[in-house]
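To start, the structure itself, in structure tokens.
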């Protein structure tokens, strides 16, 4: 995910700051995601109103609220077996 300079302005913002203040100030900034783009406004609007005590909290909020446009293949994991009945499980093969 490319913050396109948004991370730096979030770091430089004066804290504490509310979700609403960050949306007002930086909401029109575009985040480039692997499968499209979203604005900071779209991302932060998914969260409950909150007051961030520092820039790290604000950055984590942005990272945690991006849509599935920020992930590769939805439902894919190369670490865990696919659960039985999952819509992402491969077709059964008979030998």
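Residue numbers (the numbering used here): 37 to 131.
All residues carry an ideal CB built from backbone N, CA and C; glycine is no exception.
For clarity, every value in this text was computed on a predicted model and none was experimentally measured.
Residue interval of the beta strand (DSSP E) (run including residue 69): Residues 66-69.
Beta-carbon contacts of residue 118 that lie in its chain and below 8 Å, excluding the five residues immediately before and after: Only 124, 125, 126 meet the Cβ criterion.
Cα-Cα separation, residue 93 to residue 60: Whole-angstrom Cα-Cα distance: 17 Å.
Euclidean distance between Cα positions of residue 79 and residue 87: CA-to-CA, the gap between residue 79 and residue 87 works out to about 16 Å.
Span of the beta strand (DSSP E) around residue 74: Start and end: 72-75.
Residues bridged to residue 87 [DSSP beta-bridge criterion]: According to DSSP, which records beta bridges pairwise, residue 87 is partnered with 54.
Three-state secondary structure assigned by DSSP to residue 106: Three-state DSSP puts residue 106 in a helix.
Per-residue DSSP class, three states only, for residue 42: DSSP places residue 42 in the helix class (H, G or I) of the three-state scheme.
Candidates 51, 71, 53, 45: closest to residue 64 by CA position: Minimum Cα distance to residue 64 is reached at 45.
9 Å Cβ cutoff met for residue 71 and residue 120: Pairing residue 71 with residue 120 gives a Cβ-Cβ distance that is not under 9 Å.
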